[in-house]
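Heads up: the structure comes next, in structure tokens.
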Amino acid sequence: MSLAPDPHFSPVEPTSSPARTLPPRLLRITNPSLAAGGALVLFILVVAAMAPYIAPYGPNQVDYSAVLQGPSAHHWFGTDQLGRDQLSRILFGARTSMEVSVGALVVGAGLGVPVGLFAGYYRGFLDTWVIMRIIDAIQAFPFLILALVLAAMLGPGSRNAMIAIGIGLVPTFARTARAQMLQELGKDYIDAARVVGCTHARIIFRHILPNALTPIIVQATLAMASSIVAEASLEYLGLGVQPPTASWGSMLQSAQGYLQLAPWLVLFPGLALVFSVVSFNLLGDGVQRWLNRKIS
Numbered sequence: 001m002s003l004a005p006d007p008h009f010s011p012v013e014p015t016s017s018p019a020r021t022l023p024p025r026l027l028r029i030t031n032p033s034l035a036a037g038g039a040l041v042l043f044i045l046v047v048a049a050m051a052p053y054i055a056p057y058g059p060n061q062v063d064y065s066a067v068l069q070g071p072s073a074h075h076w077f078g079t080d081q082l083g084r085d086q087l088s089r090i091l092f093g094a095r096t097s098m099e100v101s102v103g104a105l106v107v108g109a110g111l112g113v114p115v116g117l118f119a120g121y122y123r124g125f126l127d128t129w130v131i132m133r134i135i136d137a138i139q140a141f142p143f144l145i146l147a148l149v150l151a152a153m154l155g156p157g158s159r160n161a162m163i164a165i166g167i168g169l170v171p172t173f174a175r176t177a178r179a180q181m182l183q184e185l186g187k188d189y190i191d192a193a194r195v196v197g198c199t200h201a202r203i204i205f206r207h208i209l210p211n212a213l214t215p216i217i218v219q220a221t222l223a224m225a226s227s228i229v230a231e232a233s234l235e236y237l238g239l240g241v242q243p244p245t246a247s248w249g250s251m252l253q254s255a256q257g258y259l260q261l262a263p264w265l266v267l268f269p270g271l272a273l274v275f276s277v278v279s280f281n282l283l284g285d286g287v288q289r290w291l292n293r294k295i296s
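The sequence shown: position 214 = 214 (full-length UniProt numbering), numbered continuously.
So this is what it looks like as structure tokens:
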């Protein structure tokens with residue numbers, strides 16, 4: 001029998017697997033901290049924004065027939081001493097924590113960045129002996145202690161908590177902005193802007209600030225973690241958001257008398273707090289690595 005090949009037969013070309021057609025950059029994660037931190041922070045922000053729609057119960061809905069019940073199908077995270085659903089209060093607590101922390105971040109960056117930019121731009125006596133000495137005096141106090149003292153002076157409430165935490169963040173943003181200003185001042189584009197007659201304000205905010213934003217953004221992500229801890233600490237001491245508003249710090253404070261009887265009252269708010277802080281620290285570390293790689 002003859003096994004001559006069929007002249008009309010054409011072999012099928014092997015196709016490449018879908019994975020090989022993707023760009024190599026998409027096949028590996030070069031910055032796990034940035035990817036993980038970004039995903040976790042996005043999850044927290046979505047949960048905080050959607051809390052009124054995804055919470056199974058109202059945050060202050062009292063049910064005396066379900067007091068201090070452990071985790072179950074009806075109440076995944078259990079209930080507190082008033083029968084309120086812990087999962088719902090944690091979801092709304094995320095909303096409270098993000099609002100206060102972001103507000104404090106706006107206060108800290110809104111005051112610190114302009115101060116640092118102007119100090120670095122004009123330098124001289126105003127920079128060395130006035131502005132930076134005030135910054136040093138503020139930084140002489142630990143961040144959390146300073147926030148507690150200011151909150152005690154201003155009184156309880158979310159707005160006062162934002163101001164107290166924000167003032168504690170001012171030195172960090174001021175030093176970051178000043179360092180970037182000193183780094184950019186000697187570059188050619190600044191001299192060119194002066195030659196064409198740009199005003200000082202235009203040079204600072206139109207030319208230098210955009211080039212200084214990346215380190216400021218890195219600092220902001222790291223400052224968010226500190227703000228979350230400070231906000232929870234103020235609420236734990238009764239100096240932040242006041243009851244019955246759901247917040248992680250106030251939940252921990254009200255649960256301290258039930259630690260042995262109902263440990264879930266401390267466990268789940270504490271885990272939510274740790275999860276948020278770790279997420280923002282991961283994001284800040286990832287952004288910092290990305291910046292270092294970009295510079296190198």
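All C-beta atoms in this analysis are idealised placements derived from N, C-alpha and C, irrespective of residue type, glycine included. Keep in mind the model is a prediction, meaning the values are calculated, not measured.
Item: The segment 183-200 in contact with the segment 142-158 per 3-pair CB rule at 8 angstroms; Value: no
Item: 8 angstroms Cβ cutoff met for Ala109 and Ala262; Value: no
Item: Proximity of Leu283 and Leu117 at Cβ, strictly below 8 angstroms; Value: no
Item: Proximity winner among Val102, Val170, Pro269, relative to Ile135 (alpha-carbon distances); Value: Val170
Item: Residues of its chain near Phe92, where Cβ-Cβ distance is below 7 angstroms and the 5 sequence neighbours each way are ignored; Value: Ala51, Ala55, Pro59, Ala246
Item: Opening and closing residue of the alpha helix (DSSP H) in which Asp188 lies; Value: 188-195
Item: Collapsed DSSP secondary structure at Thr79 in the structure displayed; Value: strand
Item: Those residues which DSSP pairs with Asp85 across a bridge; Value: Thr79
Item: Nonlocal neighbours in the same chain, by C-beta distance under 6 angstroms from Ala225, ignoring five residues either side; Value: Val277, Phe280, Asn281
Item: Asn292 in three-state terms, based on DSSP; Value: helix
Item: Reduced DSSP category for Phe141 - H, G, I as helix; E, B as strand; rest coil; Value: coil
Item: 8 angstroms Cβ shell around Tyr64 - same chain, five flanking residues per side excluded; Value: Leu82, Gly83
Item: Given 8 angstroms, three or more beta-carbon pairs between the segment 142-149 and the segment 157-171; Value: yes
Item: Residue of Thr79, Ser227, Ile44 minimising C-alpha distance to Val106; Value: Ser227
Item: Proximity of Ala212 and Gln180 at Cβ, strictly below 8 angstroms; Value: yes
Item: With 16 other Cβ atoms within 10 Å as the buried cut-off, status of Arg178; Value: buried
Item: Gln253 (DSSP reduced to helix, strand or coil); Value: helix
Item: Candidates Pro71, Ser72, Glu99, of which the one nearest Ala49 by Cα; Value: Glu99
Item: Gln242, DSSP secondary structure in three states; Value: coil
Item: Cα-Cα separation, Pro236 to Pro269; Value: Note that residue 236 corresponds to Tyr in the displayed sequence, not to Pro. Approximately 12 angstroms between the Cα atoms of the pair.
Item: Local conformation of Asn60 per DSSP, three classes; Value: coil
Item: Helix, strand or coil at Pro114 [DSSP, three-state]; Value: helix
Item: Ser72, DSSP secondary structure in three states; Value: coil
Item: CB of Thr176 within 8 angstroms of CB of Pro215, strictly; Value: yes
Item: 8 angstroms Cβ shell around Arg289 - same chain, five flanking residues per side excluded; Value: Asn31, Ser33, Leu34
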